[in-house]
Structures are given as structure tokens and as C-alpha cells.
Amino acid sequence: MATEGILADENSGVREQIVEMLQRAYWMELETVISYLTNSTNPDGIRAQEIIESLEADIQEELGHAQQFAARIKELYGVVPGSMEFTPEQSYLQPPEQQTDIVHVIRGVIEAETGAIEHYEKIIEATEEVDPVTQDMVITILRDEQGHRRLFEGFLREFEVEGLA
Ligand SMILES: [Fe+2]
Ligand SMILES: [Fe+2]
1 MATEGILADE NSGVREQIVE MLQRAYWMEL ETVISYLTNS TNPDGIRAQE IIESLEADIQ
61 EELGHAQQFA ARIKELYGVV PGSMEFTPEQ SYLQPPEQQT DIVHVIRGVI EAETGAIEHY
121 EKIIEATEEV DPVTQDMVIT ILRDEQGHRR LFEGFLREFE VEGLA
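What follows is the structure in C-alpha cells.
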């Protein structure tokens, strides 16, 4: 009986809490897919190309994260929510007034990645000792987000050094 772990009946309460956190993570990933699709298409100018290519690659990675969160929600006996339950939050990744405003995009990406990092750290904390499988999955995803943030911090640094940010 004890071997059932997080899937055991007596753990339904903590399981539901984890599922709720995973549902939020799922929406965060999907909104990031939308925002990165937007911001890998709109930018203009010679400085935009590196950002565009980087965000294009990230779209696939973030979609992969959403798929992993969805699968884990189901494994924990939860239901993946439908699109009517979606509420957007990434006000900072809306198109800038000028499509050459690459710094706006870079700052927005850093904010999105930071939000993901903070939420995933909470999931890692909540799953400690009760759900090592979810924890392991989220640790791997967290590393991806840390990598994304680090890359864009580097982009921002370049603009700062040149006095453009
Ligand atoms: Fe992600
Ligand atoms: Fe990311």
C-alpha cells in the first residue's frame, strides 16, 4: 500500500495541490509559446535577427514543456484544462510601439523566464519527498528556463554596455 506513493488514495489532497500548480505551469508555458511566436515575428532591424532565431527555437522547447506538464497532470489523475480557462498574464510581452525596440522584447523574455523559474521552484518545494517524479521533471525544465534567462541576460548586457538599454 505504502508503495503507491503520490498515487495513493490517502495522498489525494496533496496530489490535487500539485495538479493545480502543474495546471498553472501548463498555462504559463502556453502563454510563453504565444508570446515568443509574436516576438519572433514582429521585430525589425539588423539587431533583431539573433533574438528572432533564439525565440524561434524556444517556441518548440516551451511547447515541449507544456506537453510534459499536461502528461503529468493526467498521470496524477487530474484533467488538463480547456482553452476557456485560460487567463493571459504576460502584459510585458505585448508588441512594443516600435518594432525595432528589441530591448523591450529582451526585458519581457527575462520577466517571463523569471516568472517560470519562481513558480517551478515552488513546485520543486511542494513535491519534496511526496512526489519525486514530478520534482525530477520540473528540475529538468527549470534548468531549461535558467538557460533561457541567462542567454537573454547576455543579450541585455550587450545593449547596456553600448548604452542602448
Ligand atoms: Fe518552459
Ligand atoms: Fe523558457
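Read in my numbering, the sequence shown has 30 at position 30, and its numbers run on one by one without any break.
No residue lacks a Cβ here, since even glycine has one placed at the ideal position from N, Cα and C.
If I follow the unbroken alpha helix (DSSP H) through residue i, where does it start and stop?
i	result
Gln98	No alpha helix (DSSP H) contains Gln98, which DSSP labels as neither H nor E.
Gly147	Pro132 to Val161
Asn39	Ser12 to Asn39
Ile6	Unbroken run through Ile6: none, as it is neither H nor E.
Gly115	Ile102 to Ala126
Give the C-beta separation of residue i and residue j to the nearest angstrom, bearing in mind that I take them to be a contact with Cβ-Cβ under 8 Å.
i	j	result
Ile6	Gln68	Not a contact, Cβ separation roughly 16 Å.
Arg157	Glu113	About 15 Å; that fails the 8 Å criterion.
> Taking any heavy atom of ligand 1 as the mark, which residues have a C-beta closer than 7 Å to it, listed down the chain?
Replying inline: Glu29, Thr32, Glu61, Glu62, His65, Ala116, Ile141, Asp144 and Glu145
>> Three Cβ pairs or more, each shorter than 8 Å: is that satisfied between the segment 27–44 and the segment 95–111?
In response: yes
>> With three or more C-beta pairs closer than 8 Å as the rule, is the segment 110–128 touching the segment 19–31?
In response: yes
> If you scan the segment 51–95 from start to end, which runs of the beta strand (DSSP E) of 3 or more residues do you find wholly inside it?
Replying inline: none
>> Tell me whether the segment 48–65 and the segment 25–35 touch, counting them as touching only if at least three CB pairs, one residue from each stretch, are closer than 8 Å.
In response: yes
>> Can you confirm whether the segment 143–155 touches the segment 4–20 when touching is taken to mean that 3 or more C-beta pairs between the two stretches lie within less than 8 Å?
In response: no
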